[in-house]
Amino acid sequence: WGDEGKGKITNYFAENVDFVVRFQGGNNAGHTINLDGEIFKFHLLPSGIVFPKPVAVIGNGVVVNPGVLIKELESLRGRGITPKLRISERAHVIMPYHIALDECLSSHQGNLAAGSTRRGIAPVYADKMYRQGIRMGDLLEPEMFREKLIKGYGFNRDLITKVFAAQFDLSLESILTEYLAYGQELAEYIGDTEVELYRAWKAGKAILFEGAQGMSLDVDHGLYPHTTSATTIAGHIGAGAGVGFNSSRQVIGVTKAYVTRVGISPFVTEIDDELAKTLRDKGDEYGTTTGRPRRIGFLDLVQLRQAVRVNGMTDIALTKLDTLSGCPDIKVCVAYEIDGKRIEEMPASLTAMRKAIPIYETLQGWPDMSEAEAANYCKAGFNALPAALQNYIAFIEKNVECQVTIISLGPGRNQTILRQAH
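The sequence shown begins at 432 in the numbering used here and counts up by one.
Here it is, written out as structure tokens:
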């Protein structure tokens with residue numbers, strides 16, 4: 432469901448690659464990066480932009496709020512970082528009327544709502560599919576932009592006022608002026624990123640693709656309709672970045688040692704007791720984008736098994752193991768009981784998921800670890816970890832058929848153990 436630590440893991444590898452690429456989602460996602468104690472929080476920019484070597488790319492599958500993007504760039508410059516950024520001219524633009532429509536949709540959907548961040552994500556993707564969207568390249572062509580804006584503005588105004596009977600006080604001319612100014616400010620970054628990435632790949636450059644949200648929020652394979660509006664799986668890289676790969680690749684899936692969720696949906700392993708409060712406070716489990724407290728649950732191997740299969744994962748990065756330390760016993764969900772039957776694969780049915788009861792196995796916990804102890808484990812390597820923690824990792828590997836090769840014991844880049852070279 433997101434919030435697994437993708438920003439940290441991306442940041443761990445990004446320093447030495449040539450390109451770091453966002454390929455889907457928008458500013459509804461949030462990535463927090465701890466770079467030697469300095470905290471960065473991004474919603475649109477790829478995490479690798481904080482390093483001097485990689486070029487950060489916003490691919491065509493991303494939906495861009497230019498005002499938010501400009502603020503993130505200004506924040507970077509204010510901290511002494513000169514952005515090396517490319518933005519696909521094919522990436523779609525979030526308009527003010529998309530945000531207004533998102534408010535209407537969120538109120539309309541009731542208990543089938545996705546827990547929207549109300550950033551205009553679903554409406555901008557809808558306009559893309561209606562073939563009336565505005566793309567970043569359009570902001571550089573005033574006449575084309577005006578033509579497309581008139582169409583999109585009128586369509587969304589009528590939806591808001593006639594279907595939802597809501598107020599609409601957005602000025603077309605004000606939007607035109609504002610967004611043409613955004614285009615001029617971002618013009619140096621906008622171009623054909625697809626060709627640039629293709630040439631880099633052909634030249635043997637290292638390219639790191641950074642996902643947003645999580646597998647269970649995927650619009651096709653997630654818990655529909657409690658999903659985002661984008662495709663979040665690794666297989667979307669070709670469509671969302673414009674590069675098709677026919678060679679071997681490494682797919683690193685990032686998961687916490689427990690599960691968190693912001694938003695409405697069935698949550699089979701959710702707990703709401705003292706342990707949940709402890710983990711929420713200890714792990715700072717509040718959404719980067721919304722600030723909302725995250726729901727907490729035990730690790731769900733039914734969910735993780737699906738993520739491994741659908742994404743073709745070659746490796747798992749397991750995070751927040753330091754947060755889970757200190758628990759005497761740890762439950763892990765290995766299957767669901769639905770209508771008296773044992774189910775080991777994720778159902779598509781929302782009705783079934785509402786009835787699902789977790790089937791747990793209980794494993795021994797490991798002692799609470801201080802930051803200094805975690806640092807010592809990271810220096811000493813995997814074999815120095817407590818036996819119970821090693822057993823927890825082995826149990827996960829056996830049940831999802833994918834090796835855990837990256838172990839995170841804190842938010843810092845140096846609070847990481849690699850079990851094999853990447």
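Built from N, CA and C at the ideal position, the CB exists for glycine as well. Because the structure is a prediction, the values reported are computed rather than measured.
Taking Cβ positions, are N459 and I552 nearer each other than 8 Å? Contact annotation: N459 and I552 have beta-carbon atoms nearer than 8 Å.
Closest residue to E520 among S537, G479, D623 (Cα-Cα distance): D623
Let's see if you can read the secondary structure: which residues bound the beta strand (DSSP E) around V685? Counting along the chain, the beta strand (DSSP E) containing V685 begins and ends at 683-687.
Under three-state DSSP, which class holds V699? In the structure shown, V699 falls within a coil segment according to DSSP collapsed to helix, strand and coil.
Rounded straight-line distance, which links the Cα of A618 to that of V765: V765 and A618 have their C-alpha atoms some 51 Å from each other.
Going by other Cβ atoms of all chains shown within 10 Å of its Cβ, with 16 needed for buried, is K579 buried or exposed? buried
Under the three-state reduction of DSSP, which class applies to A597: helix, strand or coil? coil
Burial state of H853, where buried means 16 or more other Cβ atoms lie within 10 Å: Residue confidence is low: H853 scores 44 on pLDDT, short of 50, so the model does not pin down where it sits. Its coordinate-derived value is still stated next. Answer is exposed; the Cβ neighbour count stays below 16.
Name the residue from K810, V555, C535 whose alpha carbon lies nearest to the alpha carbon of F599. C535
Using a 10 Å radius around the Cβ and a threshold of 16 neighbouring Cβ atoms, would you call K751 buried or exposed? buried
With a Cβ-Cβ cutoff of 8 Å, do V831 and L755 count as a contact? no
Per DSSP, L849 is paired with what? I837
Looking only at DSSP bridge pairs, what is I489 linked to? R453, I518
For a quick check, are the C-beta atoms of V452 and A672 less than 8 Å apart? yes
For the candidate residues K502, E776, N447, D770, whose alpha-carbon lies nearest to that of L476? K502
Output yes or no for whether 8 Å exceeds the beta carbon distance between I621 and L571. Yes, they are a contact pair.
Starting from N465, follow its DSSP beta bridges and name the residues at the other end. I470, G843
What does a CB cutoff of less than 6 Å around M777 pick up in its chain, not counting 5 residues either side in sequence? The beta carbon of M777 sits closer than 6 Å to the beta carbons of V733, Q737 from its chain, once the five residues preceding and following it are set aside; these are given in chain order.
Quick one: what's M747 bridged to in DSSP? Just to set this straight, residue 747 is Ile in the shown sequence, not Met. Per DSSP, G684, V835.
Residues in the same chain with beta-carbon distance under 8 Å from N587, minus the five sequence neighbours each way, listed in chain order, please. Cβ neighbours of N587 beyond the five flanking positions: M526, Y528, H529, A531, L532, P554, D558.
Roughly how many angstroms separate the alpha carbons of G583 and L735, rounded to a whole number? 39 Å
Near E716, which residues of its chain fall below 6 Å by C-beta distance, leaving aside the five closest residues on each side in sequence? Excluding its 5 nearest sequence neighbours in each direction, E716 has C-beta neighbours in its own chain below 6 Å: T691, R725, listed in chain order.
Which residues in the same chain as L466 place their Cβ atom closer than 6 Å to its Cβ, once the five residues preceding and following it in sequence are excluded? V481
Can you tell me whether Q615 is buried or exposed, with buried defined as 16 or more other CB within 10 angstroms of its CB? By the neighbour-count rule (16 or more Cβ atoms within 10 Å), Q615 is not buried but exposed.
Under the DSSP definition of a beta bridge, which residues are partnered with Q795? Looking at the DSSP assignment, Q795 forms a beta bridge with D760.
For A631, which option in V486, P817, G498, R680 has the closest C-alpha, if you only look at C-alpha atoms? V486
Measure the Cβ-Cβ separation of D746 and Q681 and say whether it is below 8 Å. It is a contact, given that the beta carbons lie within the stated cut-off.
With a CB to CB cut of under 7 Å and the five nearest residues on each side skipped, what residues in its chain are close to G841? D753, E802, A805
Taking 8 Å as the threshold (C-beta atoms), are S647 and W797 in contact? no
Out of G812, A819, K829, F826, which one is the CA nearest neighbour of I838? G812
If you reduce the DSSP assignment to three classes, tell me which class T592 lands in. helix
Judging by CA-CA distance, which residue of E705, R740, I695, D760 is the nearest neighbour of L730? D760
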